[in-house]
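Peer 1: Residue numbers (our numbering), protein chains in the order written: chain A, 143 to 303; chain B, 143 to 303.
Ideal placement from N, C-alpha and C gives every residue a C-beta, glycine not left out.
Handing you a structure now.
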DNA sequence: GCACCAATGCAATATTATAACATTATATTC
DNA sequence: GAATATAATGTTATAATATTGCATTGGTGC
């Protein structure tokens, strides 16, 4: 698990994400276009899930001509389809994925104080999900887990909720 | 686990849900008003998660003067707060809860063919979630799991997806 | 060049949810 | 029962999120 808290070198996270994205697109002959790269970079600007319209505004502020919603949503769809980001349904927001290729799984601990979404290793939870599904003869396509609470760091500094 | 597939006597589900709701409201001195009962009944009209605006239309068709969105959303909020229903974030929809009192947990198997949402016993998955959270010193408030796939019944009848 | 297909631009609109404030109903106290 | 307080609902408007449909651009292969 990467360290994702304030002290970490976040530029490293961004760089790695872009690297992984370029690799993946090259390998699968996908086009990592300008807008897709910009949106991915914006999603990776922190470990907090970010909304589509917030992305849109950030791009507008970066000198880009303000993109229309479909432009952003299409880039997000591309990134989702290829497992480069996850959608956090309970927040209507998007967050970078550490391990492209697991598009169908996203298990997150989301802090209600600092908003950071920590992605869990699928192996921690998936066996239980798989077993429960099997019990019902249910075949799993996707499984998203969104755990909301208070992270370790915030527990130290926050008195109460 | 209740049987929730076509052959079951669904009126029984509705009746039980209403009974539980009345009990719970009485015990906690909450008001189970007309609109709340109507919304709960509508949510329970099937085991498929239903959207707020669909509820609104159903109520309108049942002779009720078409309620405004806030009316429906307030009733839904009341039902959510008291654990009588769950919200399925990935569908923007609501579904009845079998065991009021577990408002903070909702683990579902959702069939992409028949849309039925089967609520899992929390005990099947929660231990794994709890352990993963503990590993991160993360304190859990709510945990929602939405597994999408194909249910046993549809697997038999559906060729492919 | 030309035909094709994917990607993007653009305008309009659909869908989901909430804010703000007025009104009504219910309960409590006197 | 009137006076008050509180909770619930009604009403209007609007915010926030997401998609549709169609025009345009841009690269790819022939």
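Starting from residue 252 of chain B, trace the beta strand (DSSP E) both ways and give me its first and last residue.
Peer 2: The residue labelled residue 252 of chain B in the question sits at position 110 within the second chain. Counting along the chain, the beta strand (DSSP E) containing residue 252 of chain B begins and ends at 247-253.
Peer 1: Can at least three beta-carbon pairs, one atom from the stretch 154-170 of chain A and one from the stretch 215-227 of chain A, be found at a separation below 8 Å?
Peer 2: yes
Peer 1: For residue 211 of chain B, does the count of other Cβ atoms within 10 angstroms reach 16, so buried, or fall short, so exposed?
Peer 2: Here residue 211 of chain B is taken as the residue at index 69 of the second chain, counted from 1. Exposed.
Peer 1: Closer than 7 Å, Cβ to any Cβ of chain B: which residues of the stretch 276-291 of chain A, in chain order?
Peer 2: Across the stretch 276-291 of chain A, CB contacts with chain B closer than 7 Å involve 278, 279, 280, 281, 282, 283, 284, 285, 286, 287, 288, 289, 290 and 291, in sequence order along the chain.
Peer 1: If we call anything under 8 Å between Cβ atoms a contact, is residue 232 of chain B one with residue 288 of chain B?
Peer 2: Here the question's residue 232 of chain B lines up with position 90 in the second chain. Here the question's residue 288 of chain B lines up with position 146 in the second chain. In this structure, residue 288 of chain B lies closer than 8 Å to residue 232 of chain B by Cβ.
Peer 1: Residue 283 of chain B lies in the beta strand (DSSP E); which residues open and close that run?
Peer 2: For this step, residue 283 of chain B is matched to residue 141 along the second chain. Residue 283 of chain B -> beta strand (DSSP E) spans 281-292.
Peer 1: May I ask you to verify whether the stretch 244-264 of chain B touches the stretch 236-243 of chain A, counting CB pairs closer than 8 Å and requiring at least 3?
Peer 2: no
Peer 1: Taking only the alpha-carbon atoms, compute the straight-line gap between residue 179 of chain A and residue 219 of chain B and give it to the nearest angstrom.
Peer 2: Position 37 of the first chain, counted from the start, is the residue given in the question as residue 179 of chain A. Position 77 of the second chain, counted from the start, is the residue given in the question as residue 219 of chain B. Rounded to the nearest angstrom, the two C-alpha atoms are 39 Å apart.
Peer 1: Could you list which residues in chain A have their beta carbon closer than 7 Å to that of residue 256 of chain B, in chain order?
Peer 2: By 1-based counting over the second chain, the position of residue 256 of chain B is 114. Going along chain A, no residue has its Cβ under 7 Å from residue 256 of chain B, so there is no contact; the nearest lies around 12 Å.
Peer 1: Given a cut-off of 8 Å on the beta-carbon distance, is the pair residue 238 of chain B and residue 185 of chain B in contact?
Peer 2: Looking up residue 238 of chain B in the second chain gives position 96. Looking up residue 185 of chain B in the second chain gives position 43. Yes, the pair counts as a contact, with Cβ atoms nearer than the cut-off.
Peer 1: Got a sec: which bits of the stretch 159-190 of chain B sit with their beta carbon under 8 Å from any beta carbon on chain A, in order along the chain?
Peer 2: none
Peer 1: Output, in chain order, the set of chain A residues within a Cβ distance shorter than 8 Å of residue 293 of chain B.
Peer 2: In the second chain, residue 293 of chain B corresponds to position 151, counting from 1. Near residue 293 of chain B (Cβ distances below 8 Å), the residues of chain A are 278, 279 and 280.
Peer 1: Could you work out which residue in A:273, A:264, A:202 and A:266 is closest to residue 266 of chain B when comparing CA atoms only?
Peer 2: Looking up residue 266 of chain B in the second chain gives position 124. Closest option to residue 266 of chain B, Cα to Cα, is A:273.
Peer 1: Is there a Cβ from chain A that is less than 8 Å from the Cβ of residue 262 of chain B?
Peer 2: Along the second chain, one-based indexing puts residue 262 of chain B at 120. Judged by the 8 Å Cβ criterion, residue 262 of chain B is in contact with chain A.
Peer 1: Let's see if you can read the secondary structure: which residues bound the beta strand (DSSP E) around residue 270 of chain A?
Peer 2: In the first chain, residue 270 of chain A corresponds to position 128, counting from 1. For residue 270 of chain A, no beta strand (DSSP E) run applies; the uninterrupted alpha helix (DSSP H) run containing it begins and ends at 264-277, by DSSP.
Peer 1: Are residue 115 of chain A and residue 294 of chain B close, meaning C-beta to C-beta below 8 Å?
Peer 2: Residue 115 of chain A lies beyond the stretch modelled for chain A, which goes from 143 to 303, so this question has no answer here.
Peer 1: So residue 198 of chain B and residue 209 of chain B are in contact, right, with Cβ under 8 Å, and what is the actual spacing, rounded?
Peer 2: Locating residue 198 of chain B in the second chain gives position 56, counting from the first residue. Locating residue 209 of chain B in the second chain gives position 67, counting from the first residue. Yes, they are in contact, since the Cβ atoms of residue 198 of chain B and residue 209 of chain B sit about 6 Å apart, within 8 Å.
Peer 1: Can you find a C-beta in chain A that's less than 8 Å from the C-beta of residue 194 of chain B?
Peer 2: In the second chain, residue 194 of chain B corresponds to position 52, counting from 1. With 8 Å as the cut-off, residue 194 of chain B does not count as an interface residue toward chain A.
Peer 1: Going along the chain, which residues of the stretch 207-232 of chain A sit with their C-beta nearer than 7 Å to a C-beta in chain B?
Peer 2: Listed by position along the chain: 231 and 232.
Peer 1: Taking the C-alpha atoms as reference points, what is the distance between residue 228 of chain B and residue 205 of chain A?
Peer 2: As a first step, residue 228 of chain B is located in the second chain; it is residue number 86 there, counting from the start. As a first step, residue 205 of chain A is located in the first chain; it is residue number 63 there, counting from the start. Whole-angstrom Cα-Cα distance: 42 Å.
Peer 1: On the DSSP letters alone, give me the boundaries of the alpha helix (DSSP H) that residue 227 of chain A sits inside.
Peer 2: Here residue 227 of chain A is taken as the residue at index 85 of the first chain, counted from 1. Segment 227-230 is the beta strand (DSSP E) holding residue 227 of chain A; no alpha helix (DSSP H) there.
Peer 1: Have a look at residue 292 of chain A and residue 189 of chain B and give me their C-alpha separation to the nearest angstrom.
Peer 2: Here the question's residue 292 of chain A lines up with position 150 in the first chain. Here the question's residue 189 of chain B lines up with position 47 in the second chain. Taking the straight line joining both Cα atoms gives about 32 Å.
Peer 1: Quick one: using the 10 Å Cβ neighbour count with 16 as the cut-off for buried, is residue 202 of chain A buried or exposed?
Peer 2: Locating residue 202 of chain A in the first chain gives position 60, counting from the first residue. Counting Cβ neighbours within 10 Å, residue 202 of chain A comes out exposed, since fewer than 16 surround it.
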